[in-house]
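Report on the structure given below.
Protein chains in written order, with our numbering: chain A, 11 to 173; chain B, 2 to 69.
What follows is the structure in structure tokens.
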């Protein structure tokens with residue numbers, strides 16, 4: 011039977027490092043440097059808002075778009091980090107671990123959908139733009155927490171029932 | 002689904018760890034199967050029966066709730 015693709019076990023550590031460093035940069039930046047930590051840079055983009063002729067900027071294609079840490083690097087690094095944590099093989103990977111992963115995945119998708127619906131209904135204006143990628147990060151985070159707790163319980167349950 | 006893996010294991014005098022290694026699953030999974038918290042795949046069921054040298058029906062039995 012074809013197995014589901016998962017990253018090698020060592021990717022989980024890499025994921026933790028990427029996520030924690032990114033999150034620490036964000037938290038320390040917000041607490042001690044207010045808005046100054048959010049640096050700007052340019053990225054080659056398919057769709058950008060480069061030409062500003064009117065009050066409302068016009069769309070432009072294949073340009074160097076101006077962006078910032080919070081708009082680009084933070085979500086990209088957090089998604090990469092959390093995906094590595096969430097979808098790396100366990101040391102004792104087998105069909106029961108897959109079952110635990112599947113249950114955690116269904117649970118976190120359902121909770122995320124409820125939160126997303128509430129956010130769509132309750133958040134309007136420019137902040138609504140952030141809802142979708144924040145919600146995706148929330149989903150990954152929720153899945154990681156649920157899966158790790160279930161795996162911890164699974165490993166502990168065996169110790170209680172030593173032969 | 003009920004099973005008597007623990008009894009069969011005692012007859013053959015093999016530990017959960019040994020059985021797990023021969024089947025290719027973790028020791029925790031064997032423990033979950035013995036405690037009837039988890040019903041394994043057909044592949045694992047057939048491997049268990051093969052190791053104990055018995056028919057699947059001699060080790061695993063359906064319960065009333067499995068038909069609902």
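From the three backbone atoms N, C-alpha and C, an ideal C-beta is built for every residue, glycine too.
From a predicted model like this one, the values you see are computed outputs, not experimental measurements.
Does any C-beta atom of chain B lie closer than 9 Å to the C-beta of residue i?
| i | result |
| --- | --- |
| residue 29 of chain A | no |
| residue 154 of chain A | no |
| residue 140 of chain A | no |
| residue 50 of chain A | no |
| residue 107 of chain A | yes |
| residue 42 of chain A | no |
| residue 112 of chain A | no |
| residue 104 of chain A | yes |
| residue 149 of chain A | no |
| residue 167 of chain A | yes |
| residue 23 of chain A | no |
| residue 164 of chain A | yes |
Let's see if you can read the secondary structure: which residues bound the beta strand (DSSP E) around residue i?
| i | result |
| --- | --- |
| residue 76 of chain A | 70-78 |
| residue 58 of chain A | 50-58 |
Under 9 Å between C-beta atoms, does residue i make it to chain A?
| i | result |
| --- | --- |
| residue 27 of chain B | yes |
| residue 45 of chain B | yes |
| residue 33 of chain B | yes |
| residue 42 of chain B | yes |
Cα separation between residue i and residue j?
| i | j | result |
| --- | --- | --- |
| residue 25 of chain B | residue 102 of chain A | 10 Å |
| residue 63 of chain B | residue 3 of chain B | 6 Å |
| residue 56 of chain A | residue 30 of chain B | 48 Å |
| residue 18 of chain A | residue 65 of chain B | 41 Å |
| residue 50 of chain A | residue 67 of chain B | 60 Å |
| residue 69 of chain A | residue 136 of chain A | 17 Å |
| residue 54 of chain B | residue 84 of chain A | 57 Å |
| residue 166 of chain A | residue 140 of chain A | 39 Å |
Going by DSSP, what residue range makes up the alpha helix (DSSP H) through residue i?
| i | result |
| --- | --- |
| residue 137 of chain A | Where residue 137 of chain A is concerned, there is no enclosing alpha helix (DSSP H), given that its DSSP letter is neither H nor E. |
| residue 48 of chain B | 43-53 |
| residue 39 of chain A | 21-43 |
| residue 15 of chain B | Residue 15 of chain B -> no alpha helix (DSSP H), and no H or E assigned at all. |
| residue 93 of chain A | 84-96 |
| residue 26 of chain B | Careful: residue 26 of chain B lies outside any alpha helix (DSSP H) and carries neither H nor E. |
| residue 57 of chain B | 57-60 |
Taking C-beta to C-beta, are residue i and residue j nearer than 9 Å?
| i | j | result |
| --- | --- | --- |
| residue 27 of chain B | residue 37 of chain A | no |
| residue 153 of chain A | residue 96 of chain A | yes |
| residue 46 of chain B | residue 9 of chain B | no |
| residue 92 of chain A | residue 150 of chain A | yes |
| residue 88 of chain A | residue 147 of chain A | yes |
| residue 120 of chain A | residue 142 of chain A | no |
| residue 157 of chain A | residue 115 of chain A | yes |
| residue 94 of chain A | residue 24 of chain A | yes |
| residue 164 of chain A | residue 21 of chain B | no |
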